[in-house]
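From first to last, the protein sequence lines are chains A and B.
All residue numbers for the first sequence refer to UniProt numbering, where the first residue is 1 and numbers rise by one.
All residue numbers for the second sequence refer to UniProt numbering, where the first residue is 1 and numbers rise by one.
2 protein chains.
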Amino acid sequence: MPHIPKLDNEQLSSKAHKILLAMLREGAFDQSGKLPPEEILAQKLGISRSVVRDVLAAFESEGFITRRRGIGTIINKHVLKVTSRLDLEKEFLEEVADCGYTPSVGFVTPSVIKADEEAAERLEIPVGEELIVVERLILANGQPAIYCIDHLSSSLIIDNNYSLNDLKPPIFSFLEQYCHCSVQMDLTKIAPYLTDDHLAEILNISQGTPILYLDELGYDIHQKPVLWSKEYYAPGIFEFTVLRRKI
Amino acid sequence: MPHIPKLDNEQLSSKAHKILLAMLREGAFDQSGKLPPEEILAQKLGISRSVVRDVLAAFESEGFITRRRGIGTIINKHVLKVTSRLDLEKEFLEEVADCGYTPSVGFVTPSVIKADEEAAERLEIPVGEELIVVERLILANGQPAIYCIDHLSSSLIIDNNYSLNDLKPPIFSFLEQYCHCSVQMDLTKIAPYLTDDHLAEILNISQGTPILYLDELGYDIHQKPVLWSKEYYAPGIFEFTVLRRKI
DNA sequence: AAGTGGTCTAGACCACTTC
DNA sequence: AAGTGGTCTAGACCACTTG
Numbered sequence: 001m002p003h004i005p006k007l008d009n010e011q012l013s014s015k016a017h018k019i020l021l022a023m024l025r026e027g028a029f030d031q032s033g034k035l036p037p038e039e040i041l042a043q044k045l046g047i048s049r050s051v052v053r054d055v056l057a058a059f060e061s062e063g064f065i066t067r068r069r070g071i072g073t074i075i076n077k078h079v080l081k082v083t084s085r086l087d088l089e090k091e092f093l094e095e096v097a098d099c100g101y102t103p104s105v106g107f108v109t110p111s112v113i114k115a116d117e118e119a120a121e122r123l124e125i126p127v128g129e130e131l132i133v134v135e136r137l138i139l140a141n142g143q144p145a146i147y148c149i150d151h152l153s154s155s156l157i158i159d160n161n162y163s164l165n166d167l168k169p170p171i172f173s174f175l176e177q178y179c180h181c182s183v184q185m186d187l188t189k190i191a192p193y194l195t196d197d198h199l200a201e202i203l204n205i206s207q208g209t210p211i212l213y214l215d216e217l218g219y220d221i222h223q224k225p226v227l228w229s230k231e232y233y234a235p236g237i238f239e240f241t242v243l244r245r246k247i
Numbered sequence: 001m002p003h004i005p006k007l008d009n010e011q012l013s014s015k016a017h018k019i020l021l022a023m024l025r026e027g028a029f030d031q032s033g034k035l036p037p038e039e040i041l042a043q044k045l046g047i048s049r050s051v052v053r054d055v056l057a058a059f060e061s062e063g064f065i066t067r068r069r070g071i072g073t074i075i076n077k078h079v080l081k082v083t084s085r086l087d088l089e090k091e092f093l094e095e096v097a098d099c100g101y102t103p104s105v106g107f108v109t110p111s112v113i114k115a116d117e118e119a120a121e122r123l124e125i126p127v128g129e130e131l132i133v134v135e136r137l138i139l140a141n142g143q144p145a146i147y148c149i150d151h152l153s154s155s156l157i158i159d160n161n162y163s164l165n166d167l168k169p170p171i172f173s174f175l176e177q178y179c180h181c182s183v184q185m186d187l188t189k190i191a192p193y194l195t196d197d198h199l200a201e202i203l204n205i206s207q208g209t210p211i212l213y214l215d216e217l218g219y220d221i222h223q224k225p226v227l228w229s230k231e232y233y234a235p236g237i238f239e240f241t242v243l244r245r246k247i
């Protein structure tokens, strides 16, 4: 069994989480394919079994391990290996980088419009309300990868002291800084899409190519939809993997 | 606050889970949008706070609630509302039914072939090994909805006492009964697909229609890939929603 | 029979949010 | 200050898997 370091006193569970996750990723337990028993982990880490179980519960909910009574804590090596999971939120630039490309931004075009019926319905605001719309092109190794259109209601803005430049970083920063709200969860609808003229030009692909379209609605802690994004992904750059589990 | 029943002695946490989930689904807490405090839930249900917390942790990992220190346990009503989530495994017939259609089976065509390079690589078996392949068409309200091609290695079969008829029910049943293994988790790759001649005929749609293609690899508890499925979804029948969270 | 994770209790104290 | 969920302990017993 590999060496497991003892922890000092500072957020025991968080430290245990980091240490064990790092060890999982490094393949420290590859030989057995299992984590040591909870009792042993508790001893080695110098914490109680409950804390160990909390940490393992977190890993399990992320799909990294499976626990079975009488068997042990099995490491889901195939899940650990996946770099890009659709069921986990990631910022575009991070996503591009994690997939092995150099990320950059092609263009960012903010504008202000009135909400049409669709936008009003999705964002639960009145038709005609002022919307901030940001069109954005993300590049991977200099090639167009993601074309994204963010929509957020102007009424969310608490601090009006912003410029259009503040819309250039990831939209989540803007939401936090000027709207004092954050997207804690989002529901994304996936659909296939036949590339049209406009998109073909933006993504530099042939018209008629089938691509993935994601319709993403982000909610804050109060269950209010605060960000609606339409995203078009150029083909051949990402793999879209989802971990599916029985509940 | 709504009435919360007290439990007798029989799998306390499991009963608490069922009761609270039913109440969540019925909208018993819609007025506040929150669950009562953990301490109160523990009292009302007649169980300790730890058990309550275990149940809430399960709900949280399914995305149904969000817990915030100092605020409370927020109910994610938009998540509870979603009938079909791609990040949760469901059998085809159940999926069709949950989306409001009457499910039926168009055809089931089992066959035995030798593994080609792709199948061998995905299922981690030698090229040329015997494979059971089942082609299946699922109907929704009598219309073609899902065309699925299951692949599993013959070497998994422990009990050879089966007939082709045993391949007609969901393939998971066959795996459990004759291979003594079950898919505990799967990784699914999503891609857009341009309907070709063959698929157009099967799904009764126009050639050139963009549809969703899912490449699903199911693993057993030993991390062995046991089931590889290719699935083609007719357009306009399902919505593919994924809950995305930060971890 | 031995070893594993699962359930459960009773309590203490901490960190964050709201008033 | 009061109320919320988060962390943590120390222990008991149960249910399942394996030899």
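Every residue gets a Cβ at the ideal spot worked out from N, C-alpha and C, and that includes glycine.
Bridge partners - residue i, DSSP secondary structure assignment
i, result
"B:M185", "B:Y219"
"A:R136", "A:V108, A:C148"
"A:E231", "A:C148, A:L214"
"B:S153", "B:L131"
"A:I190", "A:L214, B:F240"
"B:I158", "DSSP, once it has assigned bridges, lists no residue as partnering B:I158."
"B:K34", "B:I74"
"A:Q207", "In the DSSP output, where bridge partners are listed per residue, A:Q207 has none listed."
"A:T66", "A:I74"
"B:K114", "B:E130"
Beta-carbon neighbours of residue i, restricted to chain B and to distances below 7 angstroms
i, result
"A:P210", "P192, Y193, L194, P210"
"A:R245", "L88, E89, M185"
"A:A57", "A57"
For residue i, the first and last residue of its enclosing alpha helix (DSSP H)
i, result
"B:F174", "171-179"
"A:V55", "49-61"
"A:R245", "Run containing A:R245: none; DSSP gives neither H nor E here."
"A:R122", "117-123"
"B:E89", "Unbroken run through B:E89: none, as it is neither H nor E."
"B:K18", "12-26"
"A:E239", "Element bounds for A:E239: n/a, residue is neither H nor E."
"A:L41", "38-45"
"A:I202", "197-203"
Neighbour flag for residue i against chain B, beta carbons, 8 angstroms
i, result
"A:S61", "yes"
"A:G33", "yes"
"A:V226", "no"
"A:E239", "yes"
"A:N9", "Low confidence applies here, because A:N9 scores a pLDDT of 45, under 50, leaving its location unreliable; read the following figure in that light. A:N9 does not count as touching chain B."
"A:V242", "yes"
"A:N204", "no"
"A:A115", "no"
"A:S229", "no"
Proximity test, Cβ basis, 8 angstroms: residue i and chain A
i, result
"B:N76", "yes"
"B:V108", "no"
"B:V82", "yes"
"B:A22", "no"
Contact list for residue i against chain A, beta-carbon separation under 7 angstroms
i, result
"B:I221", "T66, R68, I74"
8 angstroms Cβ cut-off: residues of chain B touching residue i
i, result
"A:V79", "M185, L187"
The beta strand (DSSP E) enclosing residue i, as first and last residue numbers
i, result
"A:I71", "Run containing A:I71: none; DSSP gives neither H nor E here."
"B:F92", "Run containing B:F92: none in the beta strand (DSSP E); it sits in the alpha helix (DSSP H), 92-98."
Cβ contact check for the region 185-194 of chain B and the region 200-214 of chain A: 3 or more pairs under 8 angstroms: yes
The region 224-244 of chain B in contact with the region 129-149 of chain B per 3-pair CB rule at 8 angstroms: yes
At least three beta-carbon pairs within less than 8 angstroms, the region 91-98 of chain B to the region 111-126 of chain B: no
Three or more C-beta pairs below 8 angstroms linking the region 25-36 of chain B and the region 66-73 of chain B: Short answer: they touch.
Segment contact flag, the region 141-160 of chain B with the region 174-186 of chain B, C-beta cutoff 8 angstroms, min 3 pairs: A contact is defined here as three or more CB-CB pairs under 8 angstroms, and the region 141-160 of chain B meets this definition with respect to the region 174-186 of chain B.
Contact the region 78-89 of chain A vs the region 195-206 of chain B: 3+ CB pairs below 8 angstroms: Segments in contact, no.
Touching by the beta-carbon criterion (3+ pairs, under 8 angstroms), the region 10-22 of chain B and the region 38-56 of chain B: yes
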